[in-house]
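Single-structure report; data block below.
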Amino acid sequence: MTHRQILEALSGLLLGMFVAILSSTVVSNALPTIIVDLHASETTYTWVITAALLATTVSTPIWGKLADLMSKKLLVQAGLVVYVIGSAIAGLSQNPGMLIAARVVQGLGAGGLTALAQVIMAVMIAPRERGRYSGYLGAVFALATIGGPLIGGVIVDTSWLGWRWCFYVGVPFAVIALVVLQKTLHLPTRTREVKVDWIGAALIAASASLLLVWVSFAGNKYDWLSWQTAAMVGGTIVLALLFLLVESRAAEPIVPLRLFRNRTMSLAVVASLLVGVAMFGATTFLSQYFQLARGETPTMAGVMTLPMILGLAVSSTVAGQIITRTGRWKVFLVIGGLFLTAGFALMGTLRFDTAYWQVAIYMVFLGIGVGTTMQNLVLAVQNQVRPSELGAASSVVAFFRTLGGAIGVAAIGAVLASRITGYLEEGLARLGVHSTPGGGSLPKISTLPAPVREVVESSYGHGIGDVFLYSAPCALIALIVILLVKEVPLRTAHTEQATAEAPAPVRSPVPHGRHAHNGDRGPLPQRVRREPQPVPSAVMLEAADHLAQLTPGGSIRGFIRNGEGVPVPYANLTLIDLRGHQLSRATAQAGGRYDLWTPGSGTFVLIASAAEHEPQVATLVVGDQPLDFDLTLTSSGGLAGTVRDRNGVPVPDAMVILTDLRGEVVVSCTTGADGGFSFTGTAAGTYTLAVSATGHRPAALPVEVGSGQNRQDVELLPGARLRGTVRVKGGGPLLDARVTLLDPAGNVVGTATTGEDGEYGFADLANGQYTVIATGYPPVADTVNLTGEDAHDMWLGHLA
């Protein structure tokens with residue numbers, strides 16, 4: 116796809132992302148007003164945010180798994196519809212409970228939009244180019260984050276609108292996104308049975324929810340060390356263990372545990388969790404800082420966060436462009452970790468009277484840190500998984516990021532409430548006041564007496580500064596984890612080989628046609644027909660497994676599937692050592708399962724091949740335990756067609772040549788009596804098909820070869836020829852005469868120099884009128900009308 120086509124396809128998706136981000140940012144500056152209007156407490160403030168994050172968290176893996184099984188376009192549209200429903204309910208909320216429930220529905224829709232955005236980008240764009248478009252995604256994130264607080268602040272400050280319009284404002288954008296997606300997003304739909312692991316989804320939702328409930332109420336409703344803590348933490352651990360057990364046995368797990376065998380995947384998940392804790396947990400309370408610690412209006416609170424958003428927008432866009440040009444991404448993750456850690460540490464010094472220029476610099480640091488880590492952690496993972504697992508892998512990273520955010524908001528919200536209460540009691544005690552203003556609810560700063568107002572502002576400024584300081588260690592640990600990630604240069608194209616340690620796939624044998632040639636190196640040997648492999652019986656397979664158990668050594672086992680996830684039966688597997696010596700062989704069962712014996716632990720090379728598929732090779736390290744390793748064989752393609760002339764008559768013995776993008780000949784053949792040609796076993800990709808035949812003009816056209824049989828017919832136009840002899844008047848043929856052929860517009864079509872016989876010739880001409888000029892003596896020009904193969908002699912003489 117061209118850059119323009121990709122942008123058109125992504126336009127609706129980016130608009131959907133704008134809607135998802137707007138749903139949270141537009142509310143951030145309005146929440147203090149909303150909570151006061153609904154007579155809610157500080158805990159409700161935290162849960163309004165946490166509820167949406169929790170719903171996003173638990174739904175993200177489900178959206179990601181569904182993206183691997185069904186239409187991604189339909190799913191992202193469904194996410195938009197769910198978001199619209201949640202927004203409508205939130206706008207009608209009459210009490211805190213109804214608002215929190217509506218935020219859950221909004222979070223379900225936003226989870227689909229955020230998870231599917233990265234998945235769809237990964238399907239359309241190769242990893243090397245993806246950094247560029249991730250920058251656009253970061254820019255949209257920045258735009259929504261900039262516009263959200265400003266829009267929310269203006270809505271709250273406009274009396275005839277009110278805070279309820281903070282939820283309604285995203286609905287028009289969502290409707291527009293639905294229409295744009297329907298017109299511009301066109302993705303191939305995978306057709307296989309959908310199997311969603313609902314038990315796993317329920318267990319992970321219950322585990323995450325119980326953990327968040329404990330974090331939210333610990334230290335407030337009960338002590339951190341109490342029987343409630345023991346019950347909730349114990350329940351969370353039991354539910355998590357049950358989830359792992361279910362996932363290890365599920366046919367289509369919500370979170371494929373095999374993904375965590377990849378080191379980059381595991382480290383990126385840990386880093387995303389910590390970045391989520393720091394990013395969501397601390398930045399969520401910025402609006403409280405500007406409104407309650409500095410006394411600003413909601414609109415001004417949005418304006419004052421611009422430095423952080425600009426830092427995010429610029430850093431994500433610039434980093435994306437550089438990553439696309441260089442293919443290197445780890446340096447930006449490290450830079451982001453450094454800025455994130457420094458930003459949180461500096462924000463930990465916040466007080467209600469801190470100079471704004473200092474706060475602005477600190478926020479720029481935070482913006483750069485978020486902009487260079489959030490998207491690039493997903494990019495690093497997508498670069499090392501199979502395309503069939505992009506949805507699951509991307510959603511797992513997003514899941515742990517939002518889970519970290521939900522934990523961070525809940526935990527830091529509880530800590531913030533405790534710190535603010537302590538600071539308020541200390542400050543009011545100095546004034547001789549022994550009750551908290553507002554009775555536990557968020558106070559209206561403007562209604563408080565000046566001395567009490569200063570105490571409240573100081574308490575909120577100091578408390579919010581503390582939560583930033585407490586978030587800094589999370590960012591520091593994330594930086595350490597990022598340093599452990601091994602950088603693998605971004606792929607320049609999609610590939611089914613997922614492991615970074617594996618060498619490049621073995622190139623398939625050069626396909627053949629009717630008469631195949633290998634460039635200028637002569638004809639290729641004809642492919643030998645492979646006889647079908649005998650189907651192993653159940654008794655033979657059982658005996659082989661039993662023999663492998665009795666023989667000292669290890670084993671490699673797994674499944675062989677094609678690009679669509681369908682098992683490839685009876686694939687041949689060969690295991691060799693690093694010196695190239697064959698160690699063992701096996702044949703996959705009808706269901707694609709294989710079990711290969713190894714002589715012990717060590718490093719080995721596994722080769723897999725099957726009829727009508729591209730072979731694959733991988734380097735594996737086998738330990739004391741059996742190694743589970745799945746392989747994906749890409750279906751090889753074929754190209755067939757018929758060469759005809761302008762009248763539809765087949766052209767026999769035409770030379771057909773297929774070249775790759777570098778111009779190297781991949782395969783060639785000649786057409787049969789029916790004008791047909793056929794290539795098989797061709798790797799999927801873009802090629803140039805060139806055809807030439809006697810009496811016709813040659814033709815060349817680009818062709819796309821995919822899996823299965825592809826067809827491309829070719830039409831050859833008739834080719835005219837002009838030949839003749841240049842003679843001297845009264846003499847014989849003229850040597851070294853210069854002959855030039857011009858078209859009716861005066862353009863030079865070709866030139867020729869006569870030999871000793873005085874002959875010249877031009878081929879591959881279109882029928883029509885030409886001017887032929889002969890020089891050597893005084894020039895002579897004639898007009899000729901070509902209708903096929905014509906002869907035209909010319910006579911030259913000396914000037915009189």
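The sequence shown: position 167 = 282 (the numbering used here), numbered continuously.
Using N, Cα and C, we set each Cβ at its ideal position, and we do this for glycine too.
Item, Value
"Return the chain-ordered list of same chain residues with a C-beta closer than 6 Å to the C-beta of ILE592, the five sequence neighbours on each side being excluded.", "LEU389"
"Cα separation between VAL511 and ALA733?", "25 Å"
"Return the Cβ separation of GLY426 and GLY482 in integer angstroms, given the expectation that the two are a contact with Cβ distance under 8 Å.", "3 Å"
"Output yes or no for whether 9 Å exceeds the beta carbon distance between ARG842 and PRO833.", "no"
"Okay, do the segment 803-822 and the segment 847-863 touch, 3+ Cβ pairs below 8 Å being the bar?", "no"
"Select from LYS336, GLU362 and GLY285 the residue whose C-alpha is nearest the C-alpha of TRP313.", "GLU362"
"Check each candidate in ALA316, SER387, LEU300 and VAL758 and name the one with the smallest Cα separation from ILE62.", "With the chain represented from 116 up to 915, any question about residue 62 goes unanswered, as that position is not in the structure."
"Could you give the DSSP three-state label for PRO147: helix, strand or coil?", "helix"
"Under DSSP, the alpha helix (DSSP H) around GLN192 begins and ends at which residues?", "187-206"
"Less than 8 Å between the CB atoms is what I'm expecting for MET423 and VAL496, so what's the real figure, rounded?", "The Cβ separation is near 26 Å, so there is no contact."
"Using three-state DSSP, classify SER86 as helix, strand or coil.", "Past the edges of the chain, shown from 116 to 915, lies residue 86, and the structure says nothing about it."
"How many whole angstroms separate the CB atoms of ILE266 and VAL141, which I take to be in contact at a CB cut-off of 8 Å?", "5 Å"
"So who's on the other strand from TRP712, going by DSSP bridges?", "SER670"
"Taking buried to mean at least 16 other C-beta atoms within 10 Å of its own C-beta, is LYS188 buried or exposed?", "buried"
"Check whether the Cβ of ILE352 lies closer than 9 Å to any Cβ atom in chain B.", "The structure shown contains no chain B, having only a single protein chain."
"My parser needs the beta strand (DSSP E) runs of 3 or more residues fully inside the segment 814-858; what are they?", "814-820, 823-826, 835-843 and 853-857"
"VAL829 to ALA705, Cα distance in whole Å?", "40 Å"
"In chain order, what residues of the same chain have a beta carbon less than 6 Å from the beta carbon of THR890, not counting five sequence neighbours either side?", "ARG853"
"Roughly how many angstroms lie between the CA atoms of ILE772 and VAL781, to the nearest whole one?", "8 Å"
"Give the range of the beta strand (DSSP E) segment to which VAL887 is assigned.", "883-890"
"Tell me whether TRP275 is buried or exposed, calling it buried when 16 or more other Cβ atoms sit within 10 Å of its Cβ.", "exposed"
"With a threshold of 8 Å, are at least 3 pairs of Cβ atoms found where one atom belongs to the segment 754-770 and the other to the segment 788-807?", "yes"
"Apart from the five residues just before and just after LEU688, which ones in its own chain have a Cβ nearer than 6 Å to its Cβ?", "ALA701, TYR709, LEU711 and ALA723"
"Quick check on DSSP: helix, strand or coil for PHE400?", "coil"
"Do you know whose CA, among PRO730, ARG672, GLY680 and THR713, lies nearest ALA703's CA?", "ARG672"
"Between GLY576 and THR412, what straight-line distance do the alpha-carbon atoms span, to the nearest angstrom?", "16 Å"
"Among the residues of its own chain, which have a CB less than 6 Å from the CB of ALA230, if the five just before and after it don't count?", "THR175, TRP178, GLY179, SER510 and ALA513"
"Between the C-alpha atoms of VAL197 and SER324, what's the straight-line distance to the nearest angstrom?", "21 Å"
"Identify every residue that forms a DSSP beta bridge with GLY753.", "GLN824"
"Is GLU904 a contact residue of the ligand ATP, with contact defined as CB to any heavy atom under 8 Å?", "In terms of ligand content, the structure shown is empty, and the ligand ATP therefore cannot be addressed."
"On the DSSP letters alone, give me the boundaries of the alpha helix (DSSP H) that SER430 sits inside.", "421-441"
"Here's the rule: buried if 16 or more other CB atoms are within 10 angstroms of the residue's CB, otherwise exposed. What is SER402?", "buried"
"State the start and end residues of the unbroken alpha helix (DSSP H) segment that holds TYR575.", "565-599"
"Residues bridged to GLU874 by DSSP?", "THR840"
"Could you tell me whether the segment 563-571 touches the segment 540-549, using the rule of 3 or more Cβ pairs below 8 Å?", "yes"
"What residue from HIS696, HIS728, LEU690 and LEU746 has the CA that sits closest to PRO720's CA?", "For clarity, residue 720 is Val in the given sequence; the question names Pro instead. Per the Cα distances, LEU690."
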